[in-house]
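Asks: Here the sequence shown stands for residues 274 to 1238, numbered as in the numbering used here. Beta carbons are placed, not taken as given, at the ideal position from N, Cα and C, and that holds for glycine. Quick caveat: nothing in here was measured; it's all calculated off a predicted structure. One structure coming up, written as structure tokens, with questions to follow.
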Amino acid sequence: MKLKCTVFVLLIMTCFVYGQKKPLDHSVYDSWQNIGSRKISNDGKWIAYSVDVQEGNPNLFLYSVKNKNSQKFPRATKVELTNDSRFAVFQIRPLYKDIKAVKDKKLKQNKLTKDSLAIVDFSTGKTEKIPNVKGFKIPEKGNSYVAYLLENVKDKSSDDALDKEDGDEKKDEDKNAKPLQLVVRNLLDGKSTMYDNVSRYEFSKNGKQLVFVTKKPEEKPSKDKKEKKDSLDDKSVAKKDTDKSKPKKYALQTVQVVNLQTGAVDKISEMEGYFSQLSFDEEGNQLAYVGTSSAQNDLVKLYQLYYFNVKGKKKEIIANDNSQMKKNWVISENRLPKFSKNGKQLYFGVAPKPIAKDTAMIANDHAVVDIWNYKDDYLQTVQLKELKDDLKKSYAAVMQTDKPNFFTTIDGEDLDTLRLINEGNAEFTLGITSFNNRIPSQWEGSTKKTYFLIDNKTGERTEIIKNLNGAVSVSPLGKFVVIFDREKGKWFSYNVKTKQTLPLNNEMAVSFVDEEFDMPDFPGSYGIASWTDNDESVIIKDRYDLWEFFLNGSKKPRNITNGFGRKNKITFDTYDLDKDIKSVNRKSSIYLSAFDNTSKANGIFKTSIHSNADPVKIQMENVWGYRTLQKAKNAEEYILVKESYTDSPNIFATTDFLNQQKLSNTNPQQNTYNWGTDELVNWTTPKGNTSTGVLFKPENFDPNKKYPMIVYFYEKLSDNLNRYVAPAPTPSRLNISYFVSNGYLVFTPDISYVDGYPGESAMEYINSGVEKLKQNSWVDASKIGIQGQSWGGYQVAYLIAHTDMYAAAWTGAPVVNMTSAYGGIRWSSGMNRQFQYEKTQSRLGKTLWEAPDLYIKNSPLFAIDQVKTPVVIMSNDKDGAVPWYQGIEMFSALRRLGKPSWLLNYNGDDHNLMKRQNRKDIQIREQQFFDYYLKGAKAPLWMTKGVPATQKGKDWGFELTDDKP
């Protein structure tokens, strides 16, 4: 009896505490955490991971696998673990609030505390911090060294008015950047060497060599000279300073190479010029870079390629007058020279000599006009979007390093791209061109391509396949080329030596193309999973299983997962756990990721490629994250990030996957909020099609109550059942966790489509899924809203024009008039939108003039008079995907008809909101809108009276009123 009483009391207390959980509010976003970067040391004994927040200071954790404890480092970023697993090196940023203050006030960067460098010695546990550091580098492999530049704190000038973002390394190599002191430190003995006036530097991959460029600093005028200068007439000084006809030479620059084992320094180049694109070979025995002695103000700068044999201390210069150079072509500064892995070949860039701009031309005397020609390969909008890249475009040439004065241009202006083979070791490269097939990309979205093998010594081309709609991959050693033909749905193998092509999956019953593809085009493949050693075979995926195809056709294909995947509806894939390993041993055990398409569970199996047995299950869980797996290079130690809707992402360590150590504990505050649950919903549509969706319920769900519901959709979302949905100001998607926590049901139905009828298809799946849920007494059928963004936004507009079953609607970046949108431009890429309707997501499958009835039938605008649902439209004036006038067409039509509607234009923002302040704003408006129509809350001022232009930026209209919209 006493035990029963105790249990009863505990239950009462639990219910009391449970009932006290508060709903999420808009103030929680900034501090909500996520797992950021993570790394595991090569010996598997140390794990570094970052816990980031949406807006604020990150924390770095270093975890000892042996001792099972961790150290925390606030504001740490860009962590690196040395190759010998003995040290961690990272930067410590200033406080986020200080960085933000600098940005907001646009103060000089020197007003902000500089970054610090931290070095953690794993053997002693000691941490050393070095202030005023501007970036650092460590060798990718080899010895424990670190090199870093020290900020000149006495120099009050600043290269940038605003703070550089994490990862913005290019700004550090600006041509006008001031030289700084470089410190090179041996982490094992603690000895450091300083080099003054360094502008750029690089380690060799094995850590044996370091190259750096010094730049003579600007001379500061003496006091006497300054006084004399100040006495000069201001006008004459101004005239002198602006005389652009006088060459402005670069400062003296020197390239030096340090042997880190001996400390010897070799000066290998020096001139008044500019050096860049420093690149070592794999072993640090060879170095390449480019340089120019042109003046800074030369409109066309001419570069040379420098090749230096570190061992032989021999230098070669490839100049533009080299006999192998094409006429009117020059060395390009815009391509990093790259050695083949074996060091026998050097790939570098050449390009047509730029044409100098006529600076004497008077702009007002000449027209500024874009000339569109129907014969152009690409629309002017595409050309203008890619103009900066095209002006810097370079083409590959290759040097044989045993004959550094000999090179061949293997690239050409007709080629789209060039791929190195066998890490550059092969004597040939793969050339790809869409030449003569580019115009149809306007309506097809992609282009047919022709593929060549190009001889690195002669430039001779051997055609592999012509006008392919598909994809091509080269085996690791370059013995075979594997081809996927989308139009045939077939895989082929091309033998480089014999030049013969063999079909791989001919006369096989299983499909190797996307079985669920529902667009008016040829389906794509599931892709290549792996290659086996010596280019013996390739592992290709079907929807569920993995198949081995022998590239020379000597053996029949094998299902290496033994049909277990299809039988159990589990999708298998291989892992790439070591970037240095390009192929798999057929007899070795390998791990496979596994995704259960029915339950959405995620896990890991084990098999070997030569096995004929079912793969062995190691672990399956109702989580997402097994594809995030990382492995220690030299140990059986693994890390992964796992999550579910109820469990925040956390990092785990394991050796066998059966026993997993949880290292992090993100978002403990979630336990104080009314969170939620999610579950799968299955139903059959009126046309007999089966579908699946996800239903989210509040954590305090009571089946005896009625709940309002919001339906959110975009293609198929049910595979995300086990994804964590952090409360966050979204780009304009539904903030699911927020609404669920605040007493809403949220439903995300999967949609399948019939070509030509995307609107009707959406109605079939969405409405029938909603009707299925309305059978439950706890769904308030009169209080159901819908929300969608982009393609989902289109479907929101279509639904409210064809049904009145929804009480409120929110549509982001919708297309409402396919006849006008068909010829529009996607401004982010410059591409015309025709391909979307004829081949991809909009799914009409015909041109406007072939089927004008389909365009009108699927356009909500032509049924807009039937709308009875209040709706908010978001259309932004810098939308790079959907012409923003689509939102205006919808709003102006609804306004003309006197129907409740609102249009939000976030000035200068994109298709999906990019500015965080706008994301936060839209969350509040969306909550207020749905609360009014689905919960009976008060309406805000922006809905009732609006916000006139005179009050823009002064009043945001959030105030709740007793007025009605």
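(1) If you draw a straight line from the alpha carbon of residue 1099 to that of residue 1152, how long is it in whole angstroms?
(2) Which one or two residues does DSSP pair with residue 911 in a beta bridge?
(3) Quick one: is residue 1057 buried, meaning 16 or more other Cβ sit within 10 Å of its Cβ, or exposed?
(4) For the putative contact between residue 864 and residue 879, defined by C-beta atoms under 8 Å, what is the C-beta separation to the nearest angstrom?
(5) Less than 8 Å between the C-beta atoms of residue 591 and residue 572, yes or no?
(6) Tell me whether residue 740 sits in a helix, a strand or coil according to DSSP, three-state version.
(7) Determine which residues share a DSSP beta bridge with residue 582 and list them.
(8) Just to confirm the assignment: which complete beta strand (DSSP E) runs, minimum length 3, are found wholly within the region 612-638?
(9) Roughly how many angstroms separate the alpha carbons of residue 1235 and residue 1211, rounded to a whole number?
(10) How big is the Cα-Cα spacing for residue 744 and residue 793?
(11) Tell me where the beta strand (DSSP E) around residue 1116 begins and ends.
(12) Count Cβ pairs between the region 1042-1060 and the region 953-970 that sit closer than 8 Å; are there 3 or more?
(13) Using only CA atoms, which one of 703, 701, 720 lies nearest to residue 710?
(14) Cα-Cα, which of 1015, 927, 902 is closest to residue 339?
(15) Just tell me which of 297, 324, 293 has its CA closest to the CA of residue 936.
(16) Work out the CA separation of residue 521 and residue 588 for me, nearest whole Å.
(17) For residue 312, which beta-bridge partners are listed by DSSP?
(18) As a quick exercise: from 1176, 1155, 397, pick the residue whose alpha carbon is nearest that of residue 1097.
(19) Using only CA atoms, which one of 976, 678, 410 lies nearest to residue 351?
(20) Enumerate, from N- to C-terminal direction, the unbroken alpha helix (DSSP H) stretches of 4 or more residues contained entirely within the region 949-1034.
(21) I'd like to know whether the C-beta atoms of residue 1124 and residue 1071 end up nearer to each other than 8 Å.
(22) So residue 471 and residue 560 are supposed to be a Cβ contact under 8 Å. How far apart are they, rounded?
(23) Leaving aside the five residues before and after residue 608 along the sequence, list all residues of the same chain whose C-beta is less than 7 Å from its C-beta, in chain order.
(24) From residue 1131 to residue 1055, what does the alpha carbon distance come to, in whole angstroms?
(25) Taking DSSP as the reference, what is the three-state secondary structure of residue 708?
(26) Given residue 613, which residues of its chain have a CB within under 7 Å of its CB, disregarding the five upstream and five downstream residues?
(27) In whole angstroms, what separates the C-alpha of residue 1128 from that of residue 960?
(28) Which residue marks the beginning of the alpha helix (DSSP H) containing residue 568, and which one marks its end?
(29) Quick one, are the C-beta atoms of residue 917 and residue 997 less than 8 Å apart?
(30) What's the C-alpha gap between residue 1037 and residue 1075?
(31) Could you spell out where the beta strand (DSSP E) holding residue 1084 opens and where it closes?
(32) At which residues does the alpha helix (DSSP H) containing residue 1192 begin and terminate?
(33) Taking the CB atoms as reference points, tell me whether residue 1117 and residue 1147 lie closer together than 8 Å.
(34) Helix, strand or coil: how does DSSP classify residue 511 here?
(35) Looking only at its own chain, which residues have a Cβ that is under 8 Å from the Cβ of residue 1052, when we skip the five neighbours before and after it?
(36) Going along the chain, which unbroken runs of the alpha helix (DSSP H) with 4 or more residues stay wholly within the region 650-738?
Replies: A quick look at the data gives this:
(1) Sequence index remark: in the sequence shown, residue 1099 carries index 826 (1-based). Sequence index remark: in the sequence shown, residue 1152 carries index 879 (1-based). Residue 1099 and residue 1152: Cα-Cα distance of roughly 8 Å.
(2) The residue given as residue 911 occupies position 638 in the sequence shown. In DSSP, residue 911 forms a bridge with 904, 927.
(3) To locate residue 1057, count along the sequence shown from 1; it is residue 784. So residue 1057 counts as buried.
(4) Residue 864 sits at position 591 when you count from the first residue of the sequence shown. Residue 879 sits at position 606 when you count from the first residue of the sequence shown. The pair is a contact, with the Cβ atoms about 6 Å apart (cut-off 8 Å).
(5) The residue labelled residue 591 in the question sits at position 318 within the sequence shown. The residue labelled residue 572 in the question sits at position 299 within the sequence shown. Cβ atoms of residue 591 and residue 572: not closer than 8 Å.
(6) Indexing the sequence shown from 1 puts residue 740 at position 467. Correct three-state label for residue 740: strand.
(7) Within the sequence shown, residue 582 is the residue found at index 309, counting from 1. Residue 582 pairs with 559, 587.
(8) 618-625
(9) Here the question's residue 1235 lines up with position 962 in the sequence shown. Here the question's residue 1211 lines up with position 938 in the sequence shown. Using only the alpha carbons, I get a separation of about 6 Å.
(10) Taking the first residue of the sequence shown as position 1, residue 744 is located at position 471. Taking the first residue of the sequence shown as position 1, residue 793 is located at position 520. Cα to Cα, residue 744 sits roughly 19 Å from residue 793.
(11) As a working mapping, residue 1116 is identified with position 843 in the sequence shown. Segment: none, residue 1116 is in no beta strand (DSSP E) and carries neither H nor E.
(12) yes
(13) The count along the sequence shown starts at 1 and reaches residue 710 at position 437. Closest option to residue 710, Cα to Cα, is 720.
(14) As a position in the sequence shown, residue 339 is number 66, starting the count at 1. Here the closest residue by C-alpha is 927.
(15) For the purposes of this step, residue 936 is taken as the residue at position 663 of the sequence shown. The shortest C-alpha separation from residue 936 is found at 324.
(16) Sequence index remark: in the sequence shown, residue 588 carries index 315 (1-based). Sequence index remark: in the sequence shown, residue 521 carries index 248 (1-based). For residue 588 and residue 521, the distance between alpha carbons rounds to 28 Å.
(17) Numbered from 1 along the sequence shown, position 39 holds the residue referred to as residue 312. Paired residues: 321.
(18) Here the question's residue 1097 lines up with position 824 in the sequence shown. It is 1155 whose Cα lies nearest to the Cα of residue 1097.
(19) Here residue 351 corresponds to residue number 78 of the sequence shown, with the count starting at 1. Of the candidates 976, 678, 410, the one whose C-alpha sits nearest the C-alpha of residue 351 is 410.
(20) 1009-1014
(21) Counting from one through the sequence shown, the residue named residue 1124 turns up at place 851. Counting from one through the sequence shown, the residue named residue 1071 turns up at place 798. In this structure, residue 1071 does not lie closer than 8 Å to residue 1124 by Cβ.
(22) Residue numbering aside, residue 471 sits at position 198 when the sequence shown is read from its first letter. Residue numbering aside, residue 560 sits at position 287 when the sequence shown is read from its first letter. Not a contact, Cβ separation roughly 16 Å.
(23) Residue 608 sits at position 335 when you count from the first residue of the sequence shown. So the list reads 621, 622, 667, once near-sequence residues are dropped.
(24) On the sequence shown, position 858 is the one that residue 1131 refers to. On the sequence shown, position 782 is the one that residue 1055 refers to. Looking at the two C-alpha atoms, the distance is approximately 27 Å.
(25) On the sequence shown, position 435 is the one that residue 708 refers to. Correct three-state label for residue 708: coil.
(26) Sequence index remark: in the sequence shown, residue 613 carries index 340 (1-based). 696, 697, 698, listed in sequence order.
(27) Here the question's residue 1128 lines up with position 855 in the sequence shown. Here the question's residue 960 lines up with position 687 in the sequence shown. Computed Cα separation, rounded: 23 Å.
(28) Start at 1 with the first residue of the sequence shown, and residue 568 comes out as number 295. No alpha helix (DSSP H) contains residue 568, which DSSP labels as neither H nor E.
(29) In the sequence shown, counting from the first residue as 1, residue 917 sits at position 644. In the sequence shown, counting from the first residue as 1, residue 997 sits at position 724. Taking 8 Å as the Cβ cut-off, residue 917 and residue 997 qualify as a contacting pair.
(30) Working through the sequence shown from its first residue, we reach residue 1037 at position 764. Working through the sequence shown from its first residue, we reach residue 1075 at position 802. Spanning the two alpha carbons is a distance of roughly 12 Å.
(31) Within the sequence shown, residue 1084 is the residue found at index 811, counting from 1. It spans 1081-1085 - the beta strand (DSSP E) in which residue 1084 sits, taken as one unbroken run.
(32) Counted from its first residue, the sequence shown places residue 1192 at position 919. Element bounds for residue 1192: 1189-1203.
(33) Here residue 1117 refers to the residue found at position 844 of the sequence shown. Here residue 1147 refers to the residue found at position 874 of the sequence shown. No.
(34) Here the question's residue 511 lines up with position 238 in the sequence shown. The pLDDT assigned to residue 511 is 45, lower than 50, so where the model puts this residue is not dependable; a value taken from the coordinates is nonetheless given after this. Correct three-state label for residue 511: helix.
(35) One-based indexing of the sequence shown puts residue 1052 at position 779. Once the five neighbours on either side are set aside, the close Cβ partners of residue 1052 are 979, 980, 982, 1018, 1046.
(36) 653-658, 660-664, 714-717
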